[in-house]
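Residue numbers (my numbering): 611 to 803.
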């Protein structure tokens, strides 16, 4: 019904406003729907959210799925390049599912590739080969690699063995409310100091 564009704008602004209160090196990642790219307002929405929140652009990471690249690729790539020119980081989410095309990685130098959780959960040789190949490819292209859905110490060991640079999943942290994030960061800073 088209509400995703307005909801997406609100989420983007809210995320940037909240992240602006975090310590200066933390990055907030925001998923952006393919419909937001089709609306031709994404660049303006990001610029407005950054301006209103005063969040430094390099502290915002926009996550897109391959579905966003399927339609009107030239306009989507132009928007991605414009976002990157602002200093915003771009991440390819759920890589390896759906319509994976290595040409996307060639057409646009993403900052990060996020390997879909289905390859992390699988403990078969094929999943291992995909983890190894995507990690190697990303490293060769100068991209960070995040393995999604890491839930066990065994999965973390496998991910580390494949040289993934980042992990995401319940093993390292569960989703939390903003108030809990602030408490977590306060405790973390005291523990690091």
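Glycine residues also receive a C-beta, built at the ideal position from the N, C-alpha and C atoms.
Computed from a predicted structure; not experimentally measured.
Three-state secondary structure assigned by DSSP to residue i
| i | result |
| --- | --- |
| residue 642 | coil |
| residue 670 | strand |
| residue 794 | helix |
| residue 651 | coil |
| residue 718 | coil |
| residue 684 | helix |
| residue 702 | strand |
Identity of the residue in the options nearest residue i by Cα
| i | options | result |
| --- | --- | --- |
| residue 775 | 623, 781 and 766 | 766 |
| residue 627 | 721, 616 and 669 | 669 |
| residue 782 | 639, 684 and 758 | 758 |
| residue 787 | 616, 629 and 618 | 629 |
| residue 804 | 622, 768 and 779 | Outside the modelled stretch of the chain, which goes from 611 to 803, sits residue 804, for which no answer is possible. |
| residue 623 | 652, 688 and 789 | 652 |
| residue 737 | 780, 685, 700 and 707 | 707 |
| residue 621 | 663, 677 and 790 | 663 |
| residue 637 | 721, 712, 734 and 760 | 721 |
| residue 772 | 749, 762 and 716 | 749 |
| residue 614 | 649, 625, 777 and 634 | 649 |
| residue 655 | 619, 612 and 712 | 619 |
Same chain, Cβ closer than 8 Å to residue i, neighbours up to 5 away in sequence not counted
| i | result |
| --- | --- |
| residue 752 | 719 |
| residue 612 | 645 |
Own chain residues within Cβ distance below 6 Å of residue i, not counting five before or after
| i | result |
| --- | --- |
| residue 642 | 672 and 674 |
| residue 704 | 675 and 726 |
| residue 679 | 686 and 714 |
Neighbourhood of residue i by C-beta distance below 7 Å, restricted to the same chain and skipping five residues each side
| i | result |
| --- | --- |
| residue 632 | 795 |
| residue 667 | 660, 696, 697 and 698 |
| residue 639 | 671, 673 and 701 |
| residue 715 | 751 |
| residue 693 | 653, 656, 672 and 700 |
Legend entry - contact_flag[the region 638–652, the region 726–745] where n(CB pairs < 8 Å) is 3 or more: no
Inset, instruction - Could you tell me which uninterrupted alpha helix (DSSP H) segments, each at least 4 residues in length, are contained entirely in the region 746–781, listed from first to last along the chain? - result: 763–771
Inset, instruction - Evaluate contact between the region 781–795 and the region 733–752, counting only Cβ atoms and requiring at least three cross-stretch pairs below 8 Å. - result: no
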